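There are 2 protein chains.
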Amino acid sequence: MTDHTERKRPGRPPGASDTRERILEHARELFSRNGFDKTSIRSIATAAGVDGALVHHYYGTKQQLFAAAIHIPIDPMQVIGPLRETPVDEIGLVLPTLLLPLWDSEIGKGFIATLRSLLGGADVSLVRSFLQEVITVEIGSRVDDPPGSGAVRVQFVASQLVGVVVARYILELEPFASLSPESIAKTIAPNLQRYLTGELPSLS
Amino acid sequence: MTDHTERKRPGRPPGASDTRERILEHARELFSRNGFDKTSIRSIATAAGVDGALVHHYYGTKQQLFAAAIHIPIDPMQVIGPLRETPVDEIGLVLPTLLLPLWDSEIGKGFIATLRSLLGGADVSLVRSFLQEVITVEIGSRVDDPPGSGAVRVQFVASQLVGVVVARYILELEPFASLSPESIAKTIAPNLQRYLTGELPSLS
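Below, the structure written as structure tokens:
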């Protein structure tokens, strides 16, 4: 982190929120056009006409900036961090156990609203890129057995999780929407685990 | 069926398409307000100012009218019919084997577009009603073991299926979106079957 802006302009500079928003807009545009991996903080800073340090100052890591760009109001490391410590045989349960209470919370409301707008026709390339590049790399690399299956294993997991979001928060099916987060997590856990480490039919 | 209109007004009557559309609008309104079960063809006909026989003539059964109201371009019986003949132990495979090719087809495009608009913020009460009243009654009653679990079993199945739709047709995740329909069906089948007839944790 840096106190770059504060040095130049003491106090909250006029127009700082404009600058933050401008950074975010260029981040969305570049992440959307080039994907997560191929977009650098530097290129976003250049596009927004600011110093790279200012981008870090406002948004932290590239992952955190990405999360802000797609309106995820938490640091993805809150989920990715604990998952790194989790044995692969337990991810099927730990992943929904982390996500459900988050989605159920106030914080989750913004996320659901964003998902809704994305599903409704907004540009999905950012979410696709997040799922394909961030999540697939994080988890897919650990369940890549047989080799090459990791990405698709993770995507089957994603399909179940996004379906839970739609059924619970958008369609609000009853009794599904009123089940406790623990009930949902425990019920889908064996299915997620099968996608991650179970034997799947040969895919074509 | 009846040839009611034809008797009264030979040839294609002027304004027939207006009448069809008016029936559909009132059907949407009533299904949306009162749900599937509590809405009768007669009440829709009355609201639209036409004879009940005309509604049947244009749209067939109440299920077919409902499908038209939510822009499902096929008769739900194309799926529900074969399922009735399917032993419950095989529904986990038969259901996605029926649905995936349908979703992949030209017909499916209209369905995906509708789902997209629903997810995007349009009134979801019709889809909710379809899932809760039609599908839950059709399938839930056959997998209601222990008693009372049928509805939620079906809704877990729905969550996985809607997640496949989102991942494959809206997010277009790769390689997921390019897998054959058979691959998707076979991969999710054991998971759907577990939701339908497997032992689930006690739900609260």
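Protein sequences, first through last, are from chains D and U.
Per my numbering, the first sequence starts with residue 596, numbered consecutively.
Per my numbering, the second sequence starts with residue 596, numbered consecutively.
Cβ coordinates follow ideal geometry from the N, Cα and C atoms, glycine included.
The structure displayed is predicted, hence computed values, not measured ones.
With D:Val761 and U:Leu714 assumed to form a contact (beta carbons below 8 Å), what rounded beta-carbon distance in angstroms separates them?
-> 7 Å
Between D:Arg748 and D:Val738, is the Cβ-Cβ spacing less than 7 Å?
-> yes
Using the C-alpha atoms, what's the distance from D:Ile667 back to D:Ile618?
-> 16 Å
So, is U:Pro691 buried or exposed, given that buried needs 16 or more other C-beta atoms within 10 angstroms?
-> buried
Three-state secondary structure (DSSP) at D:Pro741?
-> coil
Per-residue burial, U:Glu701 [other beta carbons within 10 Å of its own, 16 or more giving buried] = exposed
By how many angstroms is the C-alpha of D:Ala662 removed from the C-alpha of D:Ile669?
-> 7 Å
Identify, in the order they occur along the chain, each residue of the same chain with its Cβ nearer than 8 Å to the Cβ of U:Leu678, setting aside the five sequence neighbours on each side.
-> Within the same chain, Cβ atoms closer than 8 Å to the Cβ of U:Leu678 are found at Ile686, Val689, Leu690, Leu693, Glu733 and Ile734, the five residues on either side in sequence being excluded.
U:Leu695 and U:Ile765 look like a contact to me (Cβ under 8 Å); what is the Cβ gap, rounded to whole Å?
-> 15 Å between Cβ atoms; not a contact.
Measuring alpha carbon to alpha carbon, tell me which of U:Ile675, U:Thr641 and U:Thr792 ends up nearest U:Ser744.
-> U:Thr792
Residues of the segment 726-742 of chain U with Cβ closer than 7 Å to any Cβ of chain D, in chain order | Leu726 and Gln727
Is any beta-carbon of chain U found at less than 7 Å from that of D:Thr634?
-> no
Can you list, in chain order, the residues of its chain whose CB lies under 7 Å from that of D:Phe771, leaving out five sequence neighbours each side?
-> Ala762 and Arg763
Can you tell me where the alpha helix (DSSP H) with D:Ser612 in it begins and where it stops?
-> Ala611 to Asn629
CB-CB under 6 Å to U:Val674, same chain, minus the five flanking residues each way: which ones, in chain order?
-> Leu693
Taking 7 Å as the CB-CB limit, is U:Glu794 close to chain D?
-> At least 7 Å separates the CB of U:Glu794 from every CB of chain D.
Is D:Arg628 buried or exposed, if buried means 16 or more other CB atoms sit within 10 Å of its CB?
-> Flag for D:Arg628 reads exposed.
Relative to the alpha-carbon of U:Pro776, which residue among U:Ala640, U:Lys633 and U:Gly703 has its alpha-carbon at the smallest distance?
-> U:Gly703
Who are the near neighbours of U:Ser638 in its chain, counting only those whose CB is closer than 7 Å to its CB and skipping five residues on each side?
-> Result list for U:Ser638: Leu625, in chain order.
Return the Cβ separation of D:Leu768 and D:Arg623 in integer angstroms, given the expectation that the two are a contact with Cβ distance under 8 Å.
-> In fact, because the Cβ distance is near 32 Å, the residues do not count as touching under 8 Å.
Return the residues of the segment 619-653 of chain D that lie within a Cβ-Cβ distance of less than 9 Å from chain U, sorted by chain order.
-> none
Proximal residues to D:Gln755 (C-beta, below 8 Å), its chain only, five neighbours per side dropped = Ile783, Asn786, Leu787 and Tyr790
Candidates U:Pro682, U:Ser635, U:Thr641 and U:Thr681: which alpha carbon is nearest U:Gln659's?
-> U:Ser635
Proximal residues to U:Leu798 (C-beta, below 7 Å), its chain only, five neighbours per side dropped | Val747
Rounded to the nearest angstrom, how far is the Cβ of D:Leu649 from that of D:Ala640, given a contact under 8 Å?
-> 7 Å
When the Cα of U:Gly630 is compared with those of U:Glu728, U:Pro741, U:Pro742 and U:Lys781, which residue comes out closest?
-> U:Glu728
Residues within the segment 702-714 of chain D neighbouring chain U, beta-carbon criterion of under 7 Å | The residues in question are Arg711, Ser712 and Leu714.
Any idea if D:Ser724 is buried or exposed, counting beta-carbon neighbours within 10 angstroms, 16 or more meaning buried?
-> Buried, because 16 or more other Cβ atoms sit within 10 Å of the Cβ of D:Ser724.
Answer yes or no: does any C-beta atom of chain D fall closer than 7 Å to that of U:Thr782?
-> Yes, contact with chain D.
Is it the case that the Cβ atoms of D:Pro741 and U:Lys781 are separated by a distance below 7 Å?
-> no
With distances taken from CA atoms, which of D:Thr614, D:Ser773, D:Ser736 and D:Trp698 is nearest D:Val683?
-> D:Ser736
Does D:His599 have its Cβ less than 7 Å from a Cβ in chain U?
-> Residue confidence for D:His599 is low, a pLDDT of 44 falling below 50, so the modelled location carries little weight; the figure read from the coordinates is stated next. Chain U contact via Cβ: absent.
In angstroms with no decimal places, state the Cα-to-Cα distance between D:Ala611 and U:Gln750.
-> So the two alpha carbons sit approximately 47 Å from each other.
Starting from the C-beta of D:Ala753, find all residues in its chain whose C-beta is less than 6 Å away, skip the five residues before and the five after it, and write them out in chain order.
-> Leu726
Could you check what DSSP says for U:Leu694 in three-state terms: helix, strand or coil?
-> Helix at U:Leu694.
Could one say the Cβ of U:Gly758 lies closer than 7 Å to chain D's Cβ atoms, at least one of them?
-> yes
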